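Written out below as structure tokens is the structure these notes cover.
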DNA sequence: TGGAAATAGTTTCAAATGTAACTATTTTTA
DNA sequence: TAAAAATAGTTACATTTGAAACTATTTCCA
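Protein chains in written order, with the working numbering: chain A, 97 to 265; chain B, 97 to 265.
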């Protein structure tokens, strides 16, 4: 897939010449965000496919690993993954089918289900995490600590702006 | 949809305690990026739905408007939208079906097709753009010009890092 | 200059994801 | 405490999107 941002930038410049009032730098910023996201998503899905995983299944395994007592509800996972509960049901089906996760009814609250890592799921995620971390370090290797901090701050500020904006309208 | 980033941050913290070697700040940054993207995408699709549009159809109309002589090929559009040609075929079908775009064979190169705005498509996009621009200004209203510039720089640097990284692996 | 390769667009099929409706259970509240 | 509301998970259905295969045309190059 061709990710040539210049197509967009040229278009934006042309419209700006035709119609007054465009906040050009911010329009470019929003669109640039899409481009970077697509690239980020692509790159990590590509890496994870080596292990038979994708972004969702990888993060699901990691979230179960991180959870207290190695147990996690589908609803919790849905929030962490920003995915619908429908999708998490399916994801859990797949992970159970692959033998990485077990699904048990919860005794405390019989509406709930508990997802746990099987030994093979645990082994897999413990093997994959260091590889992915190393690649994340590579990806960010040109950034100084100050740049990392500033990027984090700007992203959180952007998130705040979007949430506030959504509320308002 | 619950966009509580703390679910993820807590999980990350827990794993970091169990397994050494996590570049925690960068892992958080990558994930934060997903969250912000989802929110951005949601918010603008919501705004555009008021006009019977979504991100893709809006950008398609804008790109045709911006193009020389009001003509654009599906392939060009595919690159600008970061969407497959398959998807652009369908998008063009929809836009033609809505009466906003016309599709004509290109006389120079008979493999090609030319998409143009109809009068009603032109009217629509000229009406929508100022509204969207105003909302983009609102969205970014808490950011100083320096922050905008820095954010732009960091995003482009991140894109470079990802592309270089993809090549390398 | 004629065959191979590339390009443009479409169609078919498959994968990923979400909404709404539904069942079962728990919590709230009047 | 009994009815109403909320919550958890699943299923049925719909939407969005892309990869691969295909046709038609143009470009490349031996």
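All residues carry an ideal CB built from backbone N, CA and C; glycine is no exception.
Quick caveat: nothing in here was measured; it's all calculated off a predicted structure.
Which stretch, first to last residue, makes up the alpha helix (DSSP H) that contains residue 215(B)? 215-235
Within this structure, are the beta carbons of residue 128(B) and residue 128(A) separated by less than 8 Å? no
Let's see if you can read the secondary structure: which residues bound the alpha helix (DSSP H) around residue 201(A)? Run containing residue 201(A): none in the alpha helix (DSSP H); it sits in the beta strand (DSSP E), 197-201.
Determine, using beta carbons only, whether residue 196(A) comes closer than 8 Å to chain B. no
Starting from residue 175(A) and walking both ways along the alpha helix (DSSP H), at which residues does that stretch end? 170-177
Closer than 7 Å at the beta carbon, the chain B residues around residue 170(A): Chain B residues near residue 170(A): none, gap ~13 Å exceeds 7 Å.
Counting only the same chain and skipping the five closest in sequence on each side, list residues whose C-beta sits under 8 Å from that of residue 216(A). 195 and 196
Using the C-alpha atoms, what's the distance from residue 225(B) back to residue 199(B)? 23 Å
From this set, 123(B), 113(B) and 108(B), which residue's C-alpha is nearest residue 237(A)'s C-alpha? 123(B)
Please report the Cβ distance between residue 247(A) and residue 139(B), rounded to the nearest whole angstrom; I am assuming they are in contact, meaning their Cβ atoms lie under 8 Å. Contact flag wrong, Cβ pair sits at about 21 Å.
Excluding the 5 residues preceding and the 5 following residue 180(B) in the sequence, name in chain order all residues of the same chain whose CB lies nearer than 7 Å to its CB. 174
Closest Cβ-Cβ distance between residue 122(B) and chain A: below 8 Å? yes
Is it buried or exposed for residue 227(B), if we count other Cβ within 10 angstroms and need 16 for buried? exposed
Pick helix, strand or coil for residue 212(A), following the three-state DSSP scheme. strand
In the DSSP assignment, the alpha helix (DSSP H) including residue 146(B) goes from what residue to what residue? First-last for residue 146(B): undefined, no H or E at that position.
Looking at C-alpha atoms only, which residue of 207(B), 101(B), 126(B) and 157(B) is the closest neighbour of residue 229(A)? 126(B)
Helix, strand or coil: which one does DSSP assign to residue 190(A)? helix
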